[in-house]
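Asks: So the protein lines, in turn, are chains D and R. Mind the numbering: the first sequence is residues 21 to 819 in my numbering, read in order. Mind the numbering: the second sequence is residues 405 to 619 in my numbering, read in order. Ideal Cβ placement from N, Cα and C applies to all residues, glycine included. Got a structure for you, questions after.
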Amino acid sequence: MLNSLFDSINSLLERHKLFIAASIGILILLSVANLFRLPYDNTIETMLPVDRDIMRDMRFLRESGFSDKLVISFGLKDETHTLEDLLHAAGQFSDRLEPPLVKEVISRISPQNMPQEMASFLHYLPQLLGPEALDAMSKKINPKDVQDRLRFIYRQSLTPGISFSIPYLLTDPLGVSSGIVNNIGKLSMSLGYDVVVKEGHLVSKDSRHTMIIVKTPVILTEGFGARDLVNYLQERIKELPEYVSADIIAGHMHTVGNEDTVKRDIWLITCIATTSFLLLFLFVFRDPVAVGIFLIPVGAILVSISITGFVFDTLSYFVVGMCSVIAGIADDYGIFVYVAVRKKAGGLESVKKVFTPVLLGGLTTIGTFAVFFLSSIPGYRQLAFLSSVSIALCLVFTLFLLPHYLSKAKIVEPGKTMPPPAIPIRSKRYDHFVIALWVLILAAMMIQAKNLHMDNDIARFDGAGPEVFSAEDRFHETWGGKILPAILVVSAGTLEEAYQVNTEIYEAAKQTIGADNFSSLAALWPGMNTRKDNLLRWRNFWSPEKEEEFKKLLLEHGRAFDFSEDAFQPFFEQLHQTQDLTVEPVGLDFFDRLKDQFVVKKQGGYNILSYFPDQADYIAALSAVCSGHPGTFVVSRKHFSSEISNALGSEIVYIAILSVLLTVAFTFILLRDLKMTILAMVPLVTCIVMIAGAIPLSGLKLSMPSILATMVVVGIVTDYGVFIVYYCKNRYETGTYLAVTFAAATTLIGTGALLFAHHPVMFSIGMTLTTGVFAGYLSSLIVIPPLYRCWVNEKDQMV
Amino acid sequence: MTRTGSWKAWVIFLGITFPVVCGASDPKAILLRIEQKMSEVKTIEADFTQEKILAAFKRPLLSKGKIFIQKPLLFSWRVDAPVRYCMVIKEDSLKQWDEETKQVQHISLTDKPGFSDVIAQIKIWFSGEYSSLVKEYAVKVLSEEPAQLEFSPNASSPAAEVIKTVRVAFESDERYLREIYIEEKGGDKTTITFSSAKLNTAIDPSAWEVKPDAK
Chain D
21 MLNSLFDSIN
31 SLLERHKLFI
41 AASIGILILL
51 SVANLFRLPY
61 DNTIETMLPV
71 DRDIMRDMRF
81 LRESGFSDKL
91 VISFGLKDET
101 HTLEDLLHAA
111 GQFSDRLEPP
121 LVKEVISRIS
131 PQNMPQEMAS
141 FLHYLPQLLG
151 PEALDAMSKK
161 INPKDVQDRL
171 RFIYRQSLTP
181 GISFSIPYLL
191 TDPLGVSSGI
201 VNNIGKLSMS
211 LGYDVVVKEG
221 HLVSKDSRHT
231 MIIVKTPVIL
241 TEGFGARDLV
251 NYLQERIKEL
261 PEYVSADIIA
271 GHMHTVGNED
281 TVKRDIWLIT
291 CIATTSFLLL
301 FLFVFRDPVA
311 VGIFLIPVGA
321 ILVSISITGF
331 VFDTLSYFVV
341 GMCSVIAGIA
351 DDYGIFVYVA
361 VRKKAGGLES
371 VKKVFTPVLL
381 GGLTTIGTFA
391 VFFLSSIPGY
401 RQLAFLSSVS
411 IALCLVFTLF
421 LLPHYLSKAK
431 IVEPGKTMPP
441 PAIPIRSKRY
451 DHFVIALWVL
461 ILAAMMIQAK
471 NLHMDNDIAR
481 FDGAGPEVFS
491 AEDRFHETWG
501 GKILPAILVV
511 SAGTLEEAYQ
521 VNTEIYEAAK
531 QTIGADNFSS
541 LAALWPGMNT
551 RKDNLLRWRN
561 FWSPEKEEEF
571 KKLLLEHGRA
581 FDFSEDAFQP
591 FFEQLHQTQD
601 LTVEPVGLDF
611 FDRLKDQFVV
621 KKQGGYNILS
631 YFPDQADYIA
641 ALSAVCSGHP
651 GTFVVSRKHF
661 SSEISNALGS
671 EIVYIAILSV
681 LLTVAFTFIL
691 LRDLKMTILA
701 MVPLVTCIVM
711 IAGAIPLSGL
721 KLSMPSILAT
731 MVVVGIVTDY
741 GVFIVYYCKN
751 RYETGTYLAV
761 TFAAATTLIG
771 TGALLFAHHP
781 VMFSIGMTLT
791 TGVFAGYLSS
801 LIVIPPLYRC
811 WVNEKDQMV
Chain R
405 MTRTGSWKAW
415 VIFLGITFPV
425 VCGASDPKAI
435 LLRIEQKMSE
445 VKTIEADFTQ
455 EKILAAFKRP
465 LLSKGKIFIQ
475 KPLLFSWRVD
485 APVRYCMVIK
495 EDSLKQWDEE
505 TKQVQHISLT
515 DKPGFSDVIA
525 QIKIWFSGEY
535 SSLVKEYAVK
545 VLSEEPAQLE
555 FSPNASSPAA
565 EVIKTVRVAF
575 ESDERYLREI
585 YIEEKGGDKT
595 TITFSSAKLN
605 TAIDPSAWEV
615 KPDAK
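See the structure below:
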């Protein structure tokens, strides 16, 4: 049936081949032109699973303060300039930053009025002190403690110069706010950076660096905006004096760096692969028409990219990066057809003999890629579409267009233009030796495979480049904060609601991981219900009698230090002040800064963040706390990695099983023989075992990209198995050994080019594909024939 | 005197007085001159008398003691009366001790972002590096030789939240301060008078300790 289909299509094409070739040529040219108009996407989100938690974390990162903030660290390059010079240069730099790419620049803070601000903040003391603090306060109202406190205030008045702290001390004669002051210090340092404030500037401990914080409307996952922003800042950095260095620390740098690495890799891979393909075809086949074998997949891929760009809204750079691999796979079909025709110089008759294995080989590969349609990862679905369309088009061009040009090509004696096909050694001892050696190698690699470990850290897929990583290393060396804390996010529709849930979470977190390990704004500013309860307790505590008792103590013991009678009036004034619970502190720099760090306004509500060490036990404990509070969740690098890993892992196991089943099913349909199907699976088994053994042997770990690459290899090497088994069965003189060798060589060129990639994802894929294809190729040629002779057709020694 | 003679006398008079007048209205030049002279001083040891007029106290707070400065990072303030108290600042840390509690309190300035700037304010008035203050303060020359200057923070300066005015008077050789007067926004006033200053002499290392018997 397939043969009659082949005949009727080819007779039709023969009549219109010029028109069809011209049409395809125009289509390819249009596709090339279209390449520059396609909407490309360089965000990593395309390559992440559409898992509810992962999407939530990504959304949080996009909406949180981190994704639209970046830090620029300035340093002095020489010893002749001073911190003052540096601050001046940084100040001028900040002044030059303008909208629309920069929203706000924070280059200095003003802590000089911190004691005054604290004195103002103590207005809220009645709302902020909980029952324990009131107990402690109660114990301090006695002659000895009051005397000690008054002595302390007196002594502080003897410090040189300005009496910064006096207004604050007079507002809190019992010193009950020390806990609040400590909390402010702790919350300010919760991101773990070693920052010293000098003259309002953020300065490093060595006084040779300063930093500014830049707020931008460009979110870090927005690839093209990130590039504009980075370019803009780098241009401004060029205007700095020569003695000042500047490092940009931002997620945007990773977005741009990854894009640059992928682009460079695509260019490098394309150059290496193209040159190698052309050299191989021109020098081995010595036939200009052979270049067509290479051009067919290129043309097919160009058209497919355009179609993919039309079907999907955007085209992922990562998917485009896989095109050299697809080309390496897709040219196999052209090679089989070309070798079959040239071998016998038989034109369409020879093509007919390889039609079925080529078609079915193509279908199994499409099947392997097509299972990615079932993936929840948008990028994988795009890859499935692009590769399936590419291979399908390549099959059509190869089987129906190429033969019409090859059949009229100059027929050359085999052996003069092509190397002779490998002649298998046919002896029983040889067969047994090969099979035993194969089994031994597999066994050895299976033992090695026991050391195979999964690498869950998605940060290893970061190909931002050495410049970005070096800048970050320098930054952490100067400012610390290398180990970022994990974040607990409270999400609510209103700020007040968020404050209240945040307070409940804080109370629970104190119980589970301890207050010292959990930096929460609730420690300073609890929710309204809590503040209401505190206020009620405060009013009950400060009865007229208690107030009178304390006033008397202050007067009596204050005389010895010459305190004026109304020295502590600021404290007594606030005792019964009207407190509006709905109003939060305004006009206090320190509170605004903390709020900026902990509260994020998002679309339709607010997120309040709390920070804690990124440890598995804390994440587990706080995730349990979150489960009792809807709208709260934990975000951490480790947790995020394991979330992605879990989501990918479960999906990939399912897809991998489906892929193998589909491959086996296609092979069985082609061969209609169980034994031969099993034999055709020899390269599949071999490549999987070899990859599993080679990865730990190379000191690497199994990663998601390598699992995906293994699935692609399965599709490729099964083709080799099918061709060799098909050859063993039918013994058509279509140059199968030679064709498989060239097919493997071209695929290895495509996959081997990936080994030159700098992006870790591409390198990982290249390493797996090269190992798998090489193992699959060798096992197809060396292991299948002996197994066939021993198991299927022992009597037939001609195979 | 003829008209010509009168004209010549005016030229001579202006020639003599113009540079003096111009010099007096250029505080930057005076600041640079003082900074230059004070930069020659690496260590200072002096007696001080501080008078603080604070609203919280019935009478002015009078204290006496010794001050030690070793540029750029060491500062010691030792009060002998009315109570023995000392405060030592070394780089990013502050220690203080008093006779009555006999306890040493240690404060890391890096952990107290607000506090470090308070200390920076104290240090700047004693260091003489005033030219950097021009951006944030309006400077008025009260007297030229020996110099007496008045600093008033600009409205946009963070210091304006706290300080109303600072007046500094120098010794005749302008190598160190004779007096500092600080008026705060809240009305509190501080005057520190220095005497018996020893410049560029070796300072006893115990001056940087907060032990009670250290000096």
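To the nearest angstrom, report how far apart alanine 764 of chain D and glycine 312 of chain D are at their CA atoms.
Replies: As a working mapping, residue 764 of chain D is identified with position 744 in the first sequence. As a working mapping, residue 312 of chain D is identified with position 292 in the first sequence. When the Cα atoms are used, alanine 764 of chain D and glycine 312 of chain D turn out to be separated by approximately 18 Å.
Asks: Among the candidates D:Pro261, D:Val737, D:Asp27, D:Leu189, whose CA atom is the shortest distance from the CA of threonine 824 of chain D?
Replies: Outside the displayed span of chain D (21 to 819) sits residue 824 of chain D, for which this structure offers no information.
Asks: To which residues does DSSP link methionine 474 of chain D through a beta bridge?
Replies: Position 454 of the first sequence holds residue 474 of chain D. BP columns for methionine 474 of chain D point to D:Leu722.
Asks: Tell me which same chain residues have a C-beta within less than 7 Å of the C-beta of valine 125 of chain D, skipping the five on either side of it?
Replies: Position 105 of the first sequence, counting from 1, holds the residue named residue 125 of chain D. Result list for valine 125 of chain D: Ser114, Leu117, Ile232, Val234, in chain order.
Asks: Suppose contacts are defined by Cβ-Cβ distances below 7 Å. Is cysteine 7 of chain D in contact with alanine 320 of chain D by that definition?
Replies: Outside the modelled stretch of chain D, which goes from 21 to 819, sits residue 7 of chain D, for which no answer is possible.
Asks: How about serine 540 of chain D and serine 630 of chain D: do their beta carbons lie closer than 7 Å?
Replies: Counting from 1 along the first sequence, the entry for residue 540 of chain D is found at position 520. Counting from 1 along the first sequence, the entry for residue 630 of chain D is found at position 610. A contact, by the Cβ cut-off of 7 Å.
Asks: Could you tell me which residues DSSP pairs with serine 599 of chain R in its beta bridges?
Replies: Indexing the second sequence from 1 puts residue 599 of chain R at position 195. R:Asp451.
Asks: Give the interface partners of phenylalanine 461 of chain R over in chain D, defined as CB-CB distance under 8 Å, in chain order.
Replies: The residue labelled residue 461 of chain R in the question sits at position 57 within the second sequence. Within chain D, the residues placing a beta-carbon under 8 Å from that of phenylalanine 461 of chain R are Ser177, Phe581, Asp582, Phe583, Ser584, Ala587, ordered along the chain.
Asks: Work out the CA separation of phenylalanine 330 of chain D and tyrosine 353 of chain D for me, nearest whole Å.
Replies: To locate residue 353 of chain D, count along the first sequence from 1; it is residue 333. To locate residue 330 of chain D, count along the first sequence from 1; it is residue 310. Roughly 27 Å separates the two Cα atoms.
Asks: Check this for me: beta carbons of lysine 499 of chain R and valine 487 of chain R, under 7 Å apart or not?
Replies: If you number the second sequence from 1, residue 499 of chain R lands on position 95. If you number the second sequence from 1, residue 487 of chain R lands on position 83. Going by beta carbons, lysine 499 of chain R and valine 487 of chain R fall outside the 7 Å limit.
Asks: Mind listing the chain R neighbours of leucine 190 of chain D? Cutoff is C-beta to C-beta under 8 Å, in chain order.
Replies: If you number the first sequence from 1, residue 190 of chain D lands on position 170. Neighbours of leucine 190 of chain D in chain R, taken as residues at a C-beta separation under 8 Å, are given in chain order as Ala460.
Asks: Hey, is the stretch 579-594 of chain R in contact with the stretch 451-460 of chain R, meaning 3+ C-beta pairs nearer than 8 Å?
Replies: yes
Asks: Does the distance from the C-beta atom of glycine 399 of chain D to that of phenylalanine 338 of chain D stay below 7 Å?
Replies: Here residue 399 of chain D corresponds to residue number 379 of the first sequence, with the count starting at 1. Here residue 338 of chain D corresponds to residue number 318 of the first sequence, with the count starting at 1. Contact: yes.
Asks: Would a check of beta-carbon distances place proline 180 of chain D closer than 7 Å to chain R?
Replies: To locate residue 180 of chain D, count along the first sequence from 1; it is residue 160. Using a Cβ-Cβ cut-off of 7 Å, proline 180 of chain D counts as an interface residue toward chain R, since at least one Cβ of chain R sits closer than that to its own.
Asks: Could you tell me the boundaries of the beta strand (DSSP E) in which phenylalanine 555 of chain R lies?
Replies: The residue given as residue 555 of chain R occupies position 151 in the second sequence. Annotation for phenylalanine 555 of chain R: the continuous beta strand (DSSP E) segment containing it runs 552-557.
Asks: Nearest chain D C-beta to aspartate 621 of chain R closer than 7 Å, yes or no?
Replies: No answer is possible for residue 621 of chain R: the residues shown for chain R start at 405 and end at 619.
Asks: Just to confirm, is the Cβ distance from isoleucine 346 of chain D to serine 410 of chain D under 7 Å?
Replies: Taking the first residue of the first sequence as 1, we reach residue 346 of chain D at position 326. Taking the first residue of the first sequence as 1, we reach residue 410 of chain D at position 390. Yes, the pair counts as a contact, with Cβ atoms nearer than the cut-off.
Asks: Hey, how far is the Cα of isoleucine 386 of chain D from the Cα of glycine 348 of chain D?
Replies: For this step, residue 386 of chain D is matched to residue 366 along the first sequence. For this step, residue 348 of chain D is matched to residue 328 along the first sequence. Each residue's Cα considered, the two are about 14 Å apart.
Asks: If we ignore side chains and look at the alpha-carbon of each, how far apart do phenylalanine 393 of chain D and valine 673 of chain D end up?
Replies: Your numbering for residue 393 of chain D matches position 373 in the first sequence. Your numbering for residue 673 of chain D matches position 653 in the first sequence. Roughly 15 Å between the two C-alpha positions.
Asks: What whole-angstrom Cβ distance do threonine 730 of chain D and isoleucine 708 of chain D have, given they're in contact under 8 Å?
Replies: Here residue 730 of chain D refers to the residue found at position 710 of the first sequence. Here residue 708 of chain D refers to the residue found at position 688 of the first sequence. 6 Å between Cβ atoms; contact.
Asks: For leucine 465 of chain R and chain D, any beta-carbon pair shorter than 7 Å?
Replies: In the second sequence, counting from the first residue as 1, residue 465 of chain R sits at position 61. So yes, leucine 465 of chain R belongs to the interface.
Asks: Please report how far the alpha carbon of leucine 807 of chain D lies from the alpha carbon of aspartate 451 of chain D, in whole angstroms.
Replies: Start at 1 with the first residue of the first sequence, and residue 807 of chain D comes out as number 787. Start at 1 with the first residue of the first sequence, and residue 451 of chain D comes out as number 431. Cα to Cα, leucine 807 of chain D sits roughly 7 Å from aspartate 451 of chain D.
Asks: Which residues in chain R sit within 8 Å of glutamine 617 of chain D, going by Cβ to Cβ distance?
Replies: If you number the first sequence from 1, residue 617 of chain D lands on position 597. The contacting residues do not exist; glutamine 617 of chain D stays about 13 Å from chain R at best.
Asks: Taking 7 Å as the CB-CB cut-off, is arginine 494 of chain D touching chain R?
Replies: Numbered from its first residue, the first sequence carries residue 494 of chain D at position 474. No, because no Cβ of chain R sits closer than 7 Å to the Cβ of arginine 494 of chain D.
Asks: Check each residue of the stretch 560-574 of chain R: if its Cβ is closer than 8 Å to any Cβ of chain D, include it; give the result in chain order.
Replies: Pro562, Ala563, Glu565, Val566, Ile567
Asks: Classify methionine 466 of chain D as buried or exposed, calling it buried when 16 or more other Cβ atoms lie within 10 Å of its own Cβ.
Replies: Translated into the one-based positions of the first sequence, residue 466 of chain D becomes position 446. Its Cβ having fewer than 16 others within 10 Å, methionine 466 of chain D is exposed.
Asks: Looking at the C-beta of tryptophan 612 of chain R, does it have a partner C-beta in chain D at a distance below 7 Å?
Replies: Counted from its first residue, the second sequence places residue 612 of chain R at position 208. No, no contact with chain D.
Asks: Give a yes or no on whether 7 Å exceeds the smallest Cβ distance from arginine 169 of chain D to chain R.
Replies: Within the first sequence, numbered from 1, the residue matching residue 169 of chain D stands at position 149. With 7 Å as the cut-off, arginine 169 of chain D does not count as an interface residue toward chain R.
Asks: Under 7 Å, do histidine 649 of chain D and threonine 281 of chain D count as touching if we go by C-beta distance?
Replies: The residue given as residue 649 of chain D occupies position 629 in the first sequence. The residue given as residue 281 of chain D occupies position 261 in the first sequence. Taking 7 Å as the Cβ cut-off, histidine 649 of chain D and threonine 281 of chain D do not qualify as a contacting pair.
Asks: Could you name the residues of the same chain whose beta carbon sits closer than 6 Å to that of methionine 696 of chain D, not counting the 5 residues immediately before and after it, in chain order?
Replies: Numbered from 1 along the first sequence, position 676 holds the residue referred to as residue 696 of chain D. Only Val745 meet the Cβ criterion.
Asks: On a Cα-Cα basis, can you pick out the residue from D:Ala759, D:Ala139, D:Ala636 that is closest to aspartate 609 of chain D?
Replies: Taking the first residue of the first sequence as 1, we reach residue 609 of chain D at position 589. Nearest C-alpha to aspartate 609 of chain D: D:Ala139.
Asks: Would proline 187 of chain D and tryptophan 481 of chain R qualify as a contact pair, given that the criterion is a beta-carbon distance under 7 Å?
Replies: As a first step, residue 187 of chain D must be located in the first sequence, where it is residue number 167. As a first step, residue 481 of chain R must be located in the second sequence, where it is residue number 77. Their beta carbons are not under 7 Å apart, which means proline 187 of chain D does not touch tryptophan 481 of chain R by this criterion.
Asks: I'd like the span of the alpha helix (DSSP H) that includes lysine 506 of chain R, first residue to last.
Replies: Position 102 of the second sequence holds residue 506 of chain R. Annotation for lysine 506 of chain R: no alpha helix (DSSP H) segment contains it, and DSSP assigns it neither H nor E.
Asks: If we cut at 7 Å on Cβ distances, does glycine 409 of chain R have a partner in chain D?
Replies: Residue numbering aside, residue 409 of chain R sits at position 5 when the second sequence is read from its first letter. Here glycine 409 of chain R scores only 47 on pLDDT, less than 50, and its place in the model is too uncertain to base an answer on.
Asks: Excluding five sequence neighbours on each side, which residues of the same chain lie with their C-beta closer than 7 Å to the C-beta of threonine 294 of chain D?
Replies: As a first step, residue 294 of chain D is located in the first sequence; it is residue number 274 there, counting from the start. When the five nearest sequence neighbours on each side are left out, no beta carbon in the same chain lies closer than 7 Å to the beta carbon of threonine 294 of chain D.
Asks: Considering only the beta carbon of each residue, do leucine 96 of chain D and leucine 106 of chain D sit closer than 7 Å?
Replies: As a working note, residue 96 of chain D is residue 76 in the first sequence. As a working note, residue 106 of chain D is residue 86 in the first sequence. Contact flag set, yes.
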